[in-house]
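Chemist: Chains as they are written, first to last, in the working numbering: chain Y, 1 to 419; chain E, 1001 to 1419.
The beta carbon of each residue, even a glycine, is placed where N, CA and C say it ideally should be.
2 protein chains.
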Amino acid sequence: MTTEINLLEQKARAAKRASRTLAVLGTRVRNECLLAMARALREKASQVLEANQEDLAAAAERGLPKAMLKRLELDEAKIAAMAEGLEAVYKLPDPIGETVAAWKRPNGLEISQVRVPLGVVGIIYESRPNVTTDATGLCLKTGNAVLLRGGSEALHSNRALVEVIAPAAYEVGIPEGSIQLIETTDREVARRMMQLNQYIDVLIPRGGAGLIETVVKTATVPVIETGVGNCHVYIDEGADLEKAVAIAVNAKVSNPSVCNAMETLLVHEEEAPEFLPRVAEALEKEGVELRGCPKTRAMLPGIREATEEDWTAEYLDLVLAVKVVTGLEEAVDHINRYGTRHSEAIITENYSRARRFLSAVDAAAVYVNTSTRFTDGFEFGFGAEIGISTQKLHARGPMGLKELTTTKYVVLGDGQVRG
Amino acid sequence: MTTEINLLEQKARAAKRASRTLAVLGTRVRNECLLAMARALREKASQVLEANQEDLAAAAERGLPKAMLKRLELDEAKIAAMAEGLEAVYKLPDPIGETVAAWKRPNGLEISQVRVPLGVVGIIYESRPNVTTDATGLCLKTGNAVLLRGGSEALHSNRALVEVIAPAAYEVGIPEGSIQLIETTDREVARRMMQLNQYIDVLIPRGGAGLIETVVKTATVPVIETGVGNCHVYIDEGADLEKAVAIAVNAKVSNPSVCNAMETLLVHEEEAPEFLPRVAEALEKEGVELRGCPKTRAMLPGIREATEEDWTAEYLDLVLAVKVVTGLEEAVDHINRYGTRHSEAIITENYSRARRFLSAVDAAAVYVNTSTRFTDGFEFGFGAEIGISTQKLHARGPMGLKELTTTKYVVLGDGQVRG
């Protein structure tokens, strides 16, 4: 154990040292390494796939659920997609060095706020090996060193990925230590990692609610909380019901396993008699199980009763809680009470109620007449996404390159002293 | 204890409820309350001063150090200054509602990023009662509810201040519960406060290194770390030594008890023989005790030896560590190793070394040819300051009104669904 903690600290210290060099590296090297890593991934895909087979075999032996095996599994196409992801990040503009603001003070001091890297970013994630290359690409593009701590079930895959991409990056001038994997999956080591404030500037957990809660509770390093989404769509009185059905189906069904999927549908009581049977038919056709409040069940006999747990659940599955409400204010109260401040939508034709919903609902993204599924760095046009923040500090909503940076104030004087 | 924790949770819940109303309140009420609170402070100054006398008597009885008594003590002038502070915040532009960015996507979605309040801000502070009104004013201006937890030694003063300003704010339309003091000073209650993620959005500790460390270690609520400053001034080869002496004296002496004061002076070995005696004379005239590295002591015989502790110390006092370095790179390494990423200055006439210092030093504010003492919300022209962040997330450097806000994405559609 002591050895493993020593190794962790050694890697973290090396990452901090690398970050000093990264911070003063120009755009060219940071960009070239993305192409070099993509090339290496393509050339050495078989090495990664072999390692992935080891993980898959071990996972099957341990009887891990199918969904997890699917997340863990790599193939040629997935590796090609990972390489393309790196190439796409290469093409994005460099946020580092941007002058965010600049002004001159009456005493002659020239102050500018300049965008700089965070330093060392710790990524704590679960079974998807693609996070290894995605996160590394985004961190290096923004001049950050990255410490990766993936799930134990993906250890061989992650190790192979780092063994392929890190030398490729170092070859073009990225300082050694910029990309490191914490290979032990011991929980005590993970705990220590989350408290290495002297070496790690930010932690970003990527995974389920349990992982995120653990990181938030354990870390003393600042955390960007990502991803838990108990999202709602509210069908207002007078809504265009055709749009409402299409949006509800899209928000639930287009990818039920992600955080921006709808988990609870709220329906105004005036629309419920017509809307509920229509939406239920469309959703059930897609295999969605409905759970309803008493009023919903009166109109949709045979569906299961929704309990308090259903209002708080992030199903990430083809299950949907449905509640009939008396109006906008009840919908807003329900969302502010049970929501996770992720993505919330109103379907309405009413101008004032749309505005009221947008201002009164406390969430990273609020929508009128469209699907919560759009909360996504690519859909927003950022060209990248390191996660979706559901906290209010630093970043809120989809996080692109800019959210992997901080700023520093540069102050130029000619002898000024403070009175 | 259970009662006190219940009371804490009750107050936090009330603050969260109030924050919902605050979030949709217009500029006018948020501004008027600042004038109303200032008026009430002036009218009821005697009530506050009486309570302050109780705190002072208790503190004197407990034998608290003079410096602490001075921080604790209020008088007519200080109360007038607190009222003026509120009036100054009244005059600042309202950051809430600002559109930070807005764009239209190819699918027709209109996305805008809008500035909104954080929600509930917890302020954990020590003996200065003026934080009570300063923080409340800044929080209400930015539409946040505030939960105040001051030091036990200032309890009577803080209670009187809240009893004066809160009713004045509520009178003009601020929702009840927006300004609350956690009156118990029990540590277990404080610990629970730092973990009330469901009610408190952000914690801002204001005080010494010990307080800040405790909050960072204990909190699960996101924290903005403020204030610890082990700041350096580096005198480069070829610096204008007259400016260098004036800046060094200003950085050390103008207010030694604050976080932006210089704690270590680094001097290029070529300048040391001339510069050290000059600066030592000027500093010793101001009562500064010097502690030096061996090379420094060779040139300034009789000063105490600087130990490893001196390089890490935030003295907040008329003490200064001095080190002779071989050049810029040693200075940068020393700063990045021992500094607290607060404020760092180079005194130089060399263009390239100035640029190298600005990019290689990792700190919230980096200076050329001026004093570290300028790291301050008022000196930067923000018109306000809730603290100086030394972390990299959310805010870095002096924090004004904008740093007490977050953003939300508002997305307007007309039926779009995600493919």
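1. Throw me the rounded Cβ distance for the Gln416/Y and Asn130/Y pair, which I believe falls under 8 Å.
2. Whose C-alpha, out of Val164/Y, Ser19/Y and Glu61/Y, is nearest the C-alpha of Glu43/Y?
3. Against chain Y, which members of the stretch 1069 to 1100 of chain E pass a CB distance test of less than 8 Å?
4. Contact defined as beta carbons within less than 8 Å: I believe Ile124/Y pairs with Leu181/Y. What is the distance between those atoms, to the nearest angstrom?
5. If we ignore side chains and look at the alpha-carbon of each, how far apart do Pro1095/E and Arg1028/E end up?
6. What three-state label does DSSP hand Gly1238/E in the structure shown?
7. Check each candidate in Lys252/Y, Pro167/Y, Leu358/Y and Arg418/Y and name the one with the smallest Cα separation from Ala1023/E.
8. Shortest alpha-carbon distance to Val410/Y belongs to which of Ser1371/E, Gly1287/E and Pro1294/E?
9. Measuring alpha carbon to alpha carbon, tell me which of Lys1104/E, Gly1177/E, Ala1209/E and Thr1214/E ends up nearest Ala1190/E.
10. Run through chain Y and tell me which residues come within less than 8 Å of Phe1380/E, C-beta to C-beta.
11. Compute the Euclidean distance between the alpha carbons of Thr1226/E and Gly327/Y, then round it to the nearest angstrom.
12. Using the beta-carbon count (16 or more within 10 Å), is Asp236/Y buried or exposed?
13. Taking CB distances under 9 Å as the criterion, tell me whether Ser359/Y reaches chain E.
14. Can you confirm whether the stretch 1102 to 1122 of chain E touches the stretch 1134 to 1144 of chain E when touching is taken to mean that 3 or more C-beta pairs between the two stretches lie within less than 8 Å?
15. Could you name the residues of chain E that Lys243/Y contacts, counting a contact when the two beta carbons are closer than 7 Å?
16. Can you give the Cα-Cα distance for Met1037/E and Asp317/Y, rounded to whole angstroms?
17. Closer than 7 Å, Cβ to Cβ, to anything on chain E: give me those residues from the stretch 336 to 360 of chain Y, in chain order.
18. Given the structure, does Cys33/Y come close to the ligand NAD, in the sense that its CB is under 8 Å from one of the ligand's heavy atoms?
19. Going by DSSP, what residue range makes up the alpha helix (DSSP H) through Gln1047/E?
20. Which residues of chain Y have a Cβ atom closer than 9 Å to the Cβ of Leu1412/E, listed in chain order?
21. Consult DSSP for Arg159/Y and reduce its assignment to one of helix, strand or coil.
22. To the nearest angstrom, report how far apart Val221/Y and Tyr338/Y are at their CA atoms.
23. For the candidate residues Glu1274/E, Ala1239/E and Leu1283/E, whose alpha-carbon lies nearest to that of Asn1250/E?
24. How about His156/Y and Asp55/Y: are their beta carbons less than 9 Å apart?
25. Should Phe380/Y be labelled buried (16 or more other beta-carbon atoms within 10 Å of its own) or exposed?
26. Please report whether the beta-carbon of Phe1275/E lies at a distance below 9 Å from any beta-carbon of chain Y.
27. Output yes if chain E places a C-beta closer than 9 Å to the C-beta of Glu314/Y; else output no.
28. Interface residues of chain E around Asp362/Y at Cβ under 9 Å?
29. Note the first and the last residue of the continuous beta strand (DSSP E) segment covering Ser343/Y.
30. What's the call for Gln1198/E, buried or exposed, on a 16-neighbour Cβ count within 10 Å?
31. Taking Cβ to Cβ, would you say Thr1296/E is nearer than 9 Å to Val1319/E?
32. Compare the C-beta of Val1233/E with all C-beta atoms of chain Y and state if any pair is closer than 9 Å.
33. Out of curiosity, what's the CA-to-CA distance linking Thr218/Y and Met194/Y?
34. On the three-state DSSP scale, how would you describe Arg396/Y?
35. CA-CA distance, Val1089/E and Glu1032/E?
36. In the stretch 1392 to 1403 of chain E, which residues sit with their C-beta less than 7 Å from some C-beta in chain Y, listed in chain order?
Modeler: Walking through what the data contain:
1. The Cβ separation is near 51 Å, so there is no contact.
2. Val164/Y
3. none
4. With 8 Å as the limit, Ile124/Y and Leu181/Y do not qualify as a contact, their Cβ atoms being about 12 Å apart.
5. 13 Å
6. In this structure, DSSP gives Gly1238/E a state outside helix and strand, which the three-state scheme calls coil.
7. Leu358/Y
8. Ser1371/E
9. Of the listed residues, the one whose Cα sits closest to Ala1190/E is Thr1214/E.
10. Under the 8 Å cutoff, chain Y gives Arg105, Ile111 and Tyr409.
11. 44 Å
12. buried
13. Output row for Ser359/Y: interface = yes.
14. yes
15. Gly1415
16. 51 Å
17. Asn336, Leu358, Ser359 and Ala360
18. The model on display carries no ligand, and the ligand NAD is accordingly not part of it.
19. Gln1047/E: member of the alpha helix (DSSP H) spanning Ala1045 to Glu1061, first to last residue.
20. Chain Y residues near Leu1412/E: Ala354, Leu358, Tyr367, Val368, Asn369 and Thr370.
21. helix
22. 28 Å
23. Leu1283/E
24. yes
25. Buried.
26. no
27. no
28. Residues of chain E passing the Cβ test: Ser1019, Arg1020, Ala1023, Val1116, Gly1119 and Lys1408.
29. Ser343 to Ile347
30. exposed
31. A distance of 9 Å or more separates the beta carbons of Thr1296/E and Val1319/E.
32. no
33. 7 Å
34. coil
35. 11 Å
36. Lys1392, Leu1393, His1394, Arg1396 and Gly1397
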